[in-house]
Each structure stands twice: as structure tokens, then as C-alpha cells.
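Just so you know, we're using the numbering used here here: the sequence shown kicks off at 1 and counts up by one.
Don't be surprised by glycine CBs; every beta carbon is placed ideally from N, CA and C.
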Amino acid sequence: MRRVAAFAFFFFFFLWFSMPTRKPTIQSRFFMRKVPATVARKDYLGSILINPGGPGGSGNAMAATWGPKFSAMLEGRYDIIGFDPRGVNMTTPKLGCYETEAQAVHATYKQTILGVPYDSRGSSALPGGTRARMEHAYLTRYGTHRGRSREDGLNFWGFSYGTILGSTFAAMRPHLVKRMVLDGVSNAESYHNDIYQWGVDGLVDNHKTLEGFFDSCAEAGPERCAFAKSPSGKVSTSGADLHSRLEALYSRLRDEPIPVSKSLTGPGILTASDLKQVVFRGLYSPKLWPGLAQAIANAEAGSPQLLYDREYGNYEEVKPGKGNENVFNRYMEKHGPPVTTAAIMCGDSEPAHKSLDQYAEYIHELGKSAPIGEIWALWTGFCASWKIRPGQKYDGPWSVEDGLRKTSRFPILYASLDADPVTPLAAAQKMAKSFGNESAVLLVQEGYGHCTIAHPSLCTAKAIRDYFLKGKVPVPGTHCKPEPGHLFPGNDTKSVSALSFEDQKLWDALRGLEDINTQFRHHL
Numbered sequence: 001m002r003r004v005a006a007f008a009f010f011f012f013f014f015l016w017f018s019m020p021t022r023k024p025t026i027q028s029r030f031f032m033r034k035v036p037a038t039v040a041r042k043d044y045l046g047s048i049l050i051n052p053g054g055p056g057g058s059g060n061a062m063a064a065t066w067g068p069k070f071s072a073m074l075e076g077r078y079d080i081i082g083f084d085p086r087g088v089n090m091t092t093p094k095l096g097c098y099e100t101e102a103q104a105v106h107a108t109y110k111q112t113i114l115g116v117p118y119d120s121r122g123s124s125a126l127p128g129g130t131r132a133r134m135e136h137a138y139l140t141r142y143g144t145h146r147g148r149s150r151e152d153g154l155n156f157w158g159f160s161y162g163t164i165l166g167s168t169f170a171a172m173r174p175h176l177v178k179r180m181v182l183d184g185v186s187n188a189e190s191y192h193n194d195i196y197q198w199g200v201d202g203l204v205d206n207h208k209t210l211e212g213f214f215d216s217c218a219e220a221g222p223e224r225c226a227f228a229k230s231p232s233g234k235v236s237t238s239g240a241d242l243h244s245r246l247e248a249l250y251s252r253l254r255d256e257p258i259p260v261s262k263s264l265t266g267p268g269i270l271t272a273s274d275l276k277q278v279v280f281r282g283l284y285s286p287k288l289w290p291g292l293a294q295a296i297a298n299a300e301a302g303s304p305q306l307l308y309d310r311e312y313g314n315y316e317e318v319k320p321g322k323g324n325e326n327v328f329n330r331y332m333e334k335h336g337p338p339v340t341t342a343a344i345m346c347g348d349s350e351p352a353h354k355s356l357d358q359y360a361e362y363i364h365e366l367g368k369s370a371p372i373g374e375i376w377a378l379w380t381g382f383c384a385s386w387k388i389r390p391g392q393k394y395d396g397p398w399s400v401e402d403g404l405r406k407t408s409r410f411p412i413l414y415a416s417l418d419a420d421p422v423t424p425l426a427a428a429q430k431m432a433k434s435f436g437n438e439s440a441v442l443l444v445q446e447g448y449g450h451c452t453i454a455h456p457s458l459c460t461a462k463a464i465r466d467y468f469l470k471g472k473v474p475v476p477g478t479h480c481k482p483e484p485g486h487l488f489p490g491n492d493t494k495s496v497s498a499l500s501f502e503d504q505k506l507w508d509a510l511r512g513l514e515d516i517n518t519q520f521r522h523h524l
């Protein structure tokens with residue numbers, strides 16, 4: 001196979017495309033990055049657009065890091081194209097309230113320390129010409145562009161929030177769905193109609209992931225999971241015991257936060273909120289679990305630095321420069337600003353204003369319903385004070401029963417773990433059912449974490465590969481298992497048995513995706 005370096009480019013269009021009576025005034029520049037196919041022209045199958053989720057995730061960064069692994073999974077037969085969505089990273093007009101990324105991160109750092117319950121990301125600080133453009137009309141534009149290009153449909157691979165983009169596109173333009181894999185499925189209907197209900201919906205399986213952490217830690221024992229042994233030396237043999245110890249640590253930190261004399265960012269104080277944030281991020285990837293267990297064990301024993309650094313250490317990496325010292329001479333972010341997430345999410349959904357008392361009640365509601373509910377409530381709380389409404393928005397229908405067009409051009413492949421902390425299996429079941437048996441199929445994989453790549457499975461990877469390469473749709477009811485030996489592995493753990501040459505290549509790509517995903521989650 002020939003190897004071609006990835007390259008980047010801008011896609012230009014005017015913002016007022018949905019309002020033809022108005023004179024175009026602002027030009028948008030979508031930043032895109034392509035990892036070219038590596039096969040001969042006769043074996044080339046087209047291009048796949050990818051999206052990492054968020055909202056606010058950079059598709060261009062995803063293409064640069066994950067793209068080669070995706071290409072390897074698909075035998076180099078597709079171009080892999082990532083794009084920075086509206087207002088994200090290098091796409092313009094730029095959204096943000098700060099001149100440099102360091103200033104934005106510093107503001108987030110202060111809010112994290114204070115534990116601000118009511119989000120202060122006001123919409124008034126955004127550039128006026130961009131405020132009304134944070135909506136899904138961009139999907140319509142992209143679909144129109146694809147229809148005029150040489151390619152006759154959209155190939156799309158979306159994760160998490162990217163599944164909302166994919167489901168929305170399929171609802172609006174079913175005839176343009178050529179191949180679409182949606183992994184880590186979110187409930188697109190509640191997201192658009194009621195952001196607070198969407199928050200509740202997302203946590204249905206949260207407890208399953210946390211219980212998986214406790215149970216597998218107890219099973220692994222203190223040799224592979226540090227939290228399996230208490231400071232007194234007692235070895236826990238049940239997940240329930242570990243759960244009780246974590247709850248006791250929460251209570252202790254609420255009453256008496258622990259001073260941190262030394263950390264990557266200097267002295268600080270470890271709070272119960274910090275612990276909950278670290279646990280929340282750790283649930284996204286089982287590969288983070290050994291480090292998470294060690295950090296919790298250290299904090300329980302009175303040594304908080306490791307856990308504190310897992311919460312605040314990434315802030316130390318941000319430099320004070322303007323961020324445009326790159327070949328494009330454009331502002332490039334390592335950490336997406338929360339204001340972008342707020343602008344996209346709150347513009348997509350219905351108005352969600354809440355008073356401080358109403359929002360506090362919502363935080364308590366989610367805190368009771370899920371182990372990390374309060375943290376998730378901060379996420380959806382972005383919209384409590386958001387006032388800008390989009391000029392155009394898709395409001396449904398979202399199901400065949402409600403009038404959704406009966407068939408997409410090709411069935412959508414929804415993929416879901418059965419213990420995903422923020423995109424539960426119920427959401428995937430709901431979305432697949434909404435599109436109908438002729439337009440969607442659901443693949444369920446056993447495992448923990450966010451999206452199937454968090455808990456690698458050759459069965460799932462083969463199904464996705466065959467879907468893209470052969471047009472083979474998994475039969476309804478397909479269930480896959482993850483590879484063994486993945487939870488708290490030891491030095492002598494064998495994750496897979498002898499593999500064929502083709503399966504080994506697929507496994508190497510899959511493990512590479514898992515490694516990149518873990519690094520990303522660790523630095524959230």
C-alpha cells in the first residue's frame with residue numbers, strides 16, 4: 001500500500017445560505033483534514049466524514065490522531081475526513097470570550113475550584129453575526145454540497161454527540177444516507193426538545209459503569225487494583241464494599257477538604273467535587289481504571305496529589321500564547337472552550353431558562369438518579385441562562401410513527417455498549433426503533449465506557465468494517481463481547497488468542513484507537 005500524508009484545507013461558504021433574501025455578509029470557513037485512502041483507484045470506495053462528539057469536539061484533530069487507525073480498520077479504501085464544526089477550533093467565525101486559550105482555561109479553572117452551580121457563559125459575548133448560526137442547518141448545506149459533488153451520498157462515522165448529528169442528517173436527508181455508523185448513541189429527540197430531560201436520559205446506565213469499576217477492581221485484587229486494599233490493609237472482596245468506601249471518602253471531603261501542598265499547578269485543596277469529576281472522567285474508559293483506582297486509594301490514605309493532578313494537571317500544559325503560531329496562522333486550540341459547547345447545545349435545543357432555585361432542584365434530582373449526576377447537571381446547566389435562538393432548527397419528526405420518512409437510502413448502523421455512562425443502551429434502542437427496521441439496525445456490545453472503542457471488541461470492529469467495505473448490515477439482535485483480560489490487566493494477561501494476519505491488523509488498529517481515546521479522556 002502506498003502511504004500519503006494527511007493534508008488540510010478550508011471549505012468556504014456564506015452564513016446566510018438559508019435566508020436567500022438577505023445579502024451575504026459573513027463568510028464561514030470550515031476547516032477540514034483528510035487522511036487519504038491508500039489503495040489503487042479501482043479499490044477506492046469514497047470518503048467518510050467523521051465527528052468525535054462534544055458538542056465542540058474537533059474533527060480535524062480527530063482525523064490527525066484517529067484517522068490513520070480508522071483507515072487501517074477499513075483497509076485504506078476510504079478517505080477519512082474530519083471537520084471542525086460551527087465555531088469549533090479552526091473553523092470561523094470564531095466563538096469565544098477570551099483573546100487566548102490560556103485565559104479561557106484559567107477562567108474554567110477558577111470556576112472549577114469555586115464549583116459554580118449556575119453557569120456564567122453568557123451568550124451576549126459572542127460575535128453578533130454568529131449567534132443565530134449555531135444550528136443544524138449546516139447539515140442541510142453539507143447535504144446539498146454532497147449532492148452536487150461526484151459522490152452520490154454521505155458516508156459518516158459519528159461518536160457521542162456525533163450520533164445526534166448523524167441522526168439529524170438522516171431524518172432531514174434520508175435519501176443521502178449512503179453508509180452511517182453511529183457509536184455511543186444519544187437520544188436526538190430529547191436533545192432537541194428538552195435538554196434537561198436529555199440529561200436525565202443520558203445517565204440511565206451510569207450506575208452500571210461504576211459498579212463495573214468496583215466489581216472488576218475487587219476481582220482483580222490489590223496486585224492489579226490499588227483501591228482493592230484499604231489504608232488499614234483490609235482487602236475488599238466485593239464491589240459493594242468498594243462503593244461504600246468511595247461514598248465515605250466523598251463525605252469526608254465534603255466535611256473536610258484535604259490541603260494539597262504540591263501539585264503540577266501548585267498548592268491547592270482537594271474537594272468532594274474534584275473527586276466526583278475525576279471519577280466521572282474515569283468512567284469513560286476502562287483503561288483509565290488502574291490509574292483512577294490508585295489515585296482514589298492515595299487520597300483515601302491522606303495523599304491527595306495524584307487525584308488532584310488528574311483534575312487540574314492539564315491546566316499546567318496550556319501556554320499563554322495567542323495560539324496562531326502554526327502554518328495556517330489561525331487560532332488553534334488544544335482544549336475546546338465551554339462557550340462553544342454551550343452555543344451549539346443550547347442553540348440546538350428548545351429554550352431552557354431556569355431560576356437558580358429551579359436549577360438547584362435539578363442538580364439534586366440528577367444527583368439522586370446517578371452516581372455522577374451533579375457533574376452532568378453542570379453540563380446541561382449551560383443552557384439555564386442561554387438566550388440566543390437559532391434562525392433555523394430541525395424539530396422533527398423523530399420517528400416513523402410521527403411521520404418520519406419511512407426509509408433511508410441504506411440502513412444506519414447504531415452501535416452501543418450495554419454499560420455506557422452517558423449514552424445508555426436505551427437511547428440506541430430508541431433511535432434505532434424510531435427510524436424503523438428498514439432504515440436502522442442496532443449492534444449491542446457488552447462492556448464498559450463511552451462508545452464501543454472504549455472496551456475493544458473484534459466482533460464489533462469486524463461488523464463495522466464489513467458494513468463499510470461490503471455493505472453488510474448486521475442481523476437484528478447482533479450482540480458482541482469485548483476481548484478478555486481488558487479490565488485491570490496484569491503483566492501476564494493475554495487479551496486475545498492467536499489471530500490471523502487480517503485480524504491482527506484489525507486488532508492493532510482497534511487498540512491504537514483505544515490508546516488515543518484514553519489519552520483524550522485523561523486530558524478532558
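So the beta strand (DSSP E) residue i belongs to, where does it begin and stop?
i    : result
R179 : V177 to D183
N193 : Segment A188 to N193 is the alpha helix (DSSP H) holding N193; no beta strand (DSSP E) there.
V260 : I258 to V260
L246 : Looking at the DSSP string, L246 is not in any beta strand (DSSP E); the run it does join, the alpha helix (DSSP H), is G239 to D255.
A454 : That residue, A454, is in no beta strand (DSSP E); it is neither H nor E in DSSP.
D418 : I412 to A419
Distance, Cα to Cα, residue i vs residue j?
i    : j    : result
W507 : T478 : 20 Å
F214 : E247 : 12 Å
T350 : R405 : What sits at residue 350 in the sequence shown is Glu, not Thr. Each residue's Cα considered, the two are about 23 Å apart.
E361 : A377 : 10 Å
G153 : I50  : 14 Å
M172 : G233 : 59 Å
H207 : Q392 : 37 Å
Q504 : G485 : 17 Å
T271 : P257 : 5 Å
H364 : R29  : 41 Å
L524 : R281 : Note that L524 has pLDDT 49, beneath the 50 cutoff, so the model's placement of it is unreliable and the number below is only indicative. Going by the C-alpha atoms only, they are around 7 Å apart.
A384 : Y308 : 29 Å
Y161 : A419 : 17 Å
T38  : A509 : 15 Å
P222 : S216 : 11 Å
N298 : V260 : 12 Å
D201 : M431 : 13 Å
I164 : S230 : 42 Å
L264 : K472 : 49 Å
S120 : F382 : Any answer about S120 is weak, because its pLDDT of 38 lies below 50 and its placement is not dependable; what the coordinates show is given next. Cα to Cα, S120 sits roughly 8 Å from F382.
D84  : V339 : 15 Å
K34  : S167 : 23 Å
V475 : E438 : 12 Å
Here's the rule I'm using: 16 or more other beta-carbon atoms within 10 Å means buried, otherwise exposed. How should residue i be labelled?
i    : result
R41  : exposed
P411 : buried
R254 : exposed
H175 : exposed
F578 : In this structure the chain extends from 1 to 524, so residue 578 is not present and cannot be described.
L126 : Any reading at L126 is ruled out, since the residue's pLDDT is 46, under 50, leaving its predicted position unreliable.
L499 : exposed
H450 : buried
G302 : exposed
G403 : exposed
H353 : exposed
P52  : buried
I believe residue i touches residue j by the beta-carbon criterion, under 8 Å. Please report the beta-carbon distance rounded to the nearest angstrom.
i    : j    : result
G184 : S416 : 7 Å
M73  : R465 : 6 Å
G87  : A342 : Incorrect: roughly 10 Å between the Cβ atoms, too far for contact.
I80  : G59  : I80 to G59, Cβ: 10 Å. No contact.
Y394 : H192 : 7 Å
D274 : E311 : 5 Å
P482 : Y284 : No, P482 and Y284 are not in contact; Cβ-Cβ is about 15 Å, not under 8 Å.
S238 : A218 : 6 Å
Between which two residues does the alpha helix (DSSP H) carrying residue i extend?
i    : result
Q445 : Q445 -> not in any alpha helix (DSSP H); beta strand (DSSP E) instead, spanning A440 to Y448.
S167 : Y161 to M172
Y308 : Q305 to Y312
L469 : L458 to K470
D357 : L356 to S369
L275 : A272 to G282
G291 : W289 to E300
S434 : L425 to F435
V528 : Only positions 1 to 524 of the chain appear in this structure, which leaves residue 528 out of reach.
H207 : N206 to A220
E374 : G373 to T380
With a floor of 4 residues, list each alpha helix (DSSP H) that falls wholly inside the stretch 37-86, ordered by position along the chain.
59-65 and 67-73
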